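Numbering (full-length UniProt numbering), first residue to last: 1 to 297.
Take a look at the structure:
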């Protein structure tokens, strides 16, 4: 099942090394993609997931077959190591930007300018990676560094001008959501299937469109736009944003699990780390915004 991030759509794992990508379609007059890899689900006639190289557990009500031991295949250790590296860079650059780019009266304009510039470049790098066929570690790590600069300055401003301690609360909230979704997913309380995927995609699309409209009204009309990011409505949409992030974590976990089970190339662990980092940044920002509203006058 393809996992998409609220910020943008990832292309998923590549088709190299005999491992099909998310968007692969069956060959005309031939078997569906994935049959050569021994995927029993892809060989079923009329299977709605035949185009999906990751077999869906719920189709057979059982665990997916385990990939045979082979070199060059992605493992959980690979995913953990790449994710730790990417998130570590985000944290380090965030701390450095907090210290080196103060948001006091004398430096706030300069610090905001650097933060906004870093955030825009990070978004561009993320979009470039999303359209590449292969994972580019340099792009992913550069994104992480620039995203950390943006988060550091914004977090410093919130802590300075709204409420001290909000940043720590947002970090703990993000960790709690990650741990909670992971436990729920492993326990089988969250069933990631096509219906779940469709619901999350529809909800995320509606959420992003509303936020885009609100931003346009804010830019051209001034004030708080339509009020989706302030007051009672801001609280409601903050909670919705966190819940969407939790749903995307479940999709990310499913992607990682299926990628390992069906032998994704080792370098694709960078894509898994990239997606998890994007989702965690999303959740953190939603927590920070929600807590800012709750603590503002």
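The C-beta atom is built at its ideal place from N, Cα and C for all residues, glycine as well.
Treat the numbers as computed from the prediction; the structure is a model and nothing was measured.
Could you check whether residue j and residue i sit closer than 8 Å to each other, using their CB atoms as the reference points?
{"i": "residue 207", "j": "residue 182", "result": "no"}
{"i": "residue 286", "j": "residue 241", "result": "yes"}
{"i": "residue 140", "j": "residue 274", "result": "yes"}
{"i": "residue 192", "j": "residue 251", "result": "yes"}
{"i": "residue 75", "j": "residue 277", "result": "no"}
{"i": "residue 91", "j": "residue 269", "result": "no"}
{"i": "residue 159", "j": "residue 167", "result": "yes"}
{"i": "residue 299", "j": "residue 103", "result": "Absent from the structure is residue 299, since the part of the chain shown begins at 1 and ends at 297."}
{"i": "residue 280", "j": "residue 174", "result": "yes"}
{"i": "residue 267", "j": "residue 135", "result": "yes"}
{"i": "residue 101", "j": "residue 153", "result": "yes"}
{"i": "residue 126", "j": "residue 150", "result": "no"}
{"i": "residue 256", "j": "residue 246", "result": "no"}
{"i": "residue 185", "j": "residue 253", "result": "yes"}
{"i": "residue 144", "j": "residue 89", "result": "yes"}
{"i": "residue 169", "j": "residue 291", "result": "yes"}
{"i": "residue 73", "j": "residue 263", "result": "yes"}
Check each candidate in the options and name the one with the smallest Cα separation from residue i.
{"i": "residue 235", "options": "212, 289, 189, 272", "result": "289"}
{"i": "residue 148", "options": "246, 163, 114", "result": "114"}
{"i": "residue 209", "options": "189, 237, 161", "result": "237"}
{"i": "residue 93", "options": "172, 155, 107, 132", "result": "155"}
{"i": "residue 133", "options": "180, 265, 120, 239", "result": "265"}
{"i": "residue 87", "options": "146, 102, 233", "result": "146"}
{"i": "residue 142", "options": "120, 173, 163, 199", "result": "120"}
{"i": "residue 123", "options": "293, 282, 292, 204", "result": "282"}
{"i": "residue 230", "options": "169, 188, 198, 296", "result": "296"}
{"i": "residue 161", "options": "203, 201, 105, 239", "result": "105"}
Could you tell me which residues DSSP puts in a beta bridge with residue i?
{"i": "residue 73", "result": "265"}
What would DSSP say about residue i, mapped onto helix, strand or coil?
{"i": "residue 252", "result": "helix"}
{"i": "residue 290", "result": "helix"}
{"i": "residue 226", "result": "coil"}
{"i": "residue 184", "result": "helix"}
{"i": "residue 191", "result": "coil"}
{"i": "residue 163", "result": "coil"}
{"i": "residue 155", "result": "helix"}
{"i": "residue 217", "result": "helix"}
{"i": "residue 244", "result": "helix"}
{"i": "residue 282", "result": "helix"}
**Study point:** Every unbroken alpha helix (DSSP H) inside the stretch 71–150 [4 residues or more]
**Key:** 76–100, 108–130
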